[in-house]
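Enquirer: Okay, handing you the structure first.
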Amino acid sequence: MSLALPTATFHDGYTVPALGLGTWHMGERRGEKADEVRALQAGIDCGMTLIDTAEMYANGGAEEVAGEAVRGRRDDVFLVSKVLPSNASRQGTIAACEASLKRLETDHIDLYLLHWPGRHPLGGTIEAFEELRAAGKISRWGVSNFDALAIRQLSALPGGAVCAANQVLYNLSTRGIEFDLLPWMTENAMPLMAYSPLDEGRLLRHPGLGKMAKRLGMPPAQLALAFLLSRDNVIAIPKSSSPQRVMENRAAADTILTAEHLAELDQIFPPPRSREPLQMI
Ligand code: NDP
Numbered sequence: 584m585s586l587a588l589p590t591a592t593f594h595d596g597y598t599v600p601a602l603g604l605g606t607w608h609m610g611e612r613r614g615e616k617a618d619e620v621r622a623l624q625a626g627i628d629c630g631m632t633l634i635d636t637a638e639m640y641a642n643g644g645a646e647e648v649a650g651e652a653v654r655g656r657r658d659d660v661f662l663v664s665k666v667l668p669s670n671a672s673r674q675g676t677i678a679a680c681e682a683s684l685k686r687l688e689t690d691h692i693d694l695y696l697l698h699w700p701g702r703h704p705l706g707g708t709i710e711a712f713e714e715l716r717a718a719g720k721i722s723r724w725g726v727s728n729f730d731a732l733a734i735r736q737l738s739a740l741p742g743g744a745v746c747a748a749n750q751v752l753y754n755l756s757t758r759g760i761e762f763d764l765l766p767w768m769t770e771n772a773m774p775l776m777a778y779s780p781l782d783e784g785r786l787l788r789h790p791g792l793g794k795m796a797k798r799l800g801m802p803p804a805q806l807a808l809a810f811l812l813s814r815d816n817v818i819a820i821p822k823s824s825s826p827q828r829v830m831e832n833r834a835a836a837d838t839i840l841t842a843e844h845l846a847e848l849d850q851i852f853p854p855p856r857s858r859e860p861l862q863m864i
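Its first residue numbered 584, the sequence shown is counted upward by one per residue in my numbering.
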């Protein structure tokens, strides 16, 4: 029997599973759509009820896959989508959100993120987010690819302190955020969404991880995700188009890593000793 998924909690008290489903590269090929929908549905069925998508992915195609996957069960799922920085003006953000809502076949997005910092002043983006929130079209907003300085600056802006989350690259082989960004977010009770938690699959070919996972009798993906789930208020969003691999990823929640396991992972993937620039994909 599976253990319940750990959870993460937003400022407003809303709780989500700390293991969700990514969608990058979904919706790119028509012939694969049915499998992608099935993989997302398999994840929802086993409690991974948070889906991360973006208007950028397959030019909206990934949002359409997500929309189809949640058809008839929208209330069971927490949908995250993102506005492109080039669209993130005061008016552009509203228009981009309306288009995402259509593709997602829904009347609201649970968490709407600015995909990365861009040329439009953040003040206008925040105003648009707040207008969308007041209209019930989004429930909360956040950002992505903001480093420790950028997130501090954002939270000092008028209205910026309600930013609900920051989604950044975080996995065993990319741990720089543990030095400054993650501690700041923990202090400020802001969940961190870990994207590319398997380093886009590359981590699964790491010999050290493979050896340790084999000894523990689990697939490397399970160990890599269990590491992220051992962190408080971190939400990992692995992407898989295969129901079988989604189930493998779900099993990470059944893996409780001991202090000895975590120390062994620190040996293989040393944590940062000084500030590092935020890495992005
Ligand atoms: P992931 O680290 O999630 O890795 C995905 C790759 O790993 C795919 O090739 C997948 O293949 C493979 N994979 C997944 N599970 C397993 C498994 N159990 N065993 C073997 N292979 C597996 O990479 P992503 O870059 O997709 O990151 C996850 C999500 O984060 C994205 O989908 C997106 O939603 C978000 N993201 C956000 C970014 C941002 O700027 N905010 C940037 C990048 C990602 P297969 O599908 O064939 O199983």
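Ideal placement from N, C-alpha and C gives every residue a C-beta, glycine not left out.
The structure displayed is predicted, hence computed values, not measured ones.
Mark R723 as exposed unless 16 or more other C-beta atoms lie within 10 angstroms of its C-beta, in which case mark it buried.
Expert: The residue in question, R723, is buried, as its Cβ has 16 or more Cβ neighbours within 10 Å.
Enquirer: Give the DSSP-derived three-state secondary structure of K665 in the structure shown.
Expert: K665 falls in the strand class under three-state DSSP.
Enquirer: Look at the Cβ atom of P826, then the Cβ atom of R621, and state whether they are nearer than 7 Å.
Expert: The answer is yes: Cβ separation under 7 Å.
Enquirer: Could you tell me the boundaries of the alpha helix (DSSP H) in which M768 lies?
Expert: Element bounds for M768: 764-770.
Enquirer: Kindly examine the ligand NDP and report whether one of its heavy atoms sits closer than 6 Å to the Cβ of Y778.
Expert: Yes, Cβ of Y778 sits closer than 6 Å to a heavy atom of the ligand NDP.
Enquirer: Could you tell me how far apart the beta carbons of H698 and I721 are, in whole angstroms, since I believe they sit closer than 8 Å?
Expert: About 14 Å separates the two Cβ atoms, so there is no contact after all.
Enquirer: Between the Cα of A809 and the Cα atoms of I734, P700, L861, T841, which residue gives the shortest distance?
Expert: Ranking I734, P700, L861, T841 by Cα distance to A809 puts T841 first.
Enquirer: Please list, in chain order, all residues of the same chain as P700 whose beta carbon is under 8 Å from its beta carbon, the five residues on each side excluded.
Expert: Excluding residues within five positions, the ones whose Cβ falls inside 8 Å are P668, V726, N728, F729, A733.
Enquirer: Per DSSP, Q750 is paired with what?
Expert: Its beta-bridge partners are S727, M776.
Enquirer: Unbroken alpha helix (DSSP H) runs of length 4 or more, entirely within the region 647-713: which are they?
Expert: Counting only runs of 4 or more, we get 673-687.
Enquirer: Which first and last residues belong to the alpha helix (DSSP H) in which A840 is found?
Expert: The question names Ala, but residue 840 is Leu in the sequence shown. From DSSP, L840 is part of no alpha helix (DSSP H); its letter is neither H nor E.
Enquirer: Does the region 755-773 come within contact of the region 782-798, defined as at least 3 CB pairs closer than 8 Å?
Expert: Flag = yes, the region 755-773 and the region 782-798 touch.
Enquirer: I734 by DSSP, collapsed to three states: which one?
Expert: Residue state, collapsed to three classes: helix.
Enquirer: Please report the distance separating the alpha-carbon of R599 from that of T592.
Expert: Note that residue 599 corresponds to Val in the displayed sequence, not to Arg. C-alpha separation (whole angstroms): 6 Å.
Enquirer: Kindly indicate which residue of M863, T606, E688 has the alpha-carbon position closest to the one of R654.
Expert: Closest by alpha carbon: E688.
Enquirer: Can we count L781 as close to the ligand NDP, meaning its CB is less than 6 Å from some heavy atom?
Expert: Because some heavy atom of the ligand NDP lies under 6 Å away, the Cβ of L781 counts as near it: yes.
Enquirer: May I have the straight-line CA-CA distance separating K794 from Q850, to the nearest angstrom?
Expert: Near 13 Å, if we compare the C-alpha coordinates of Q850 and K794.
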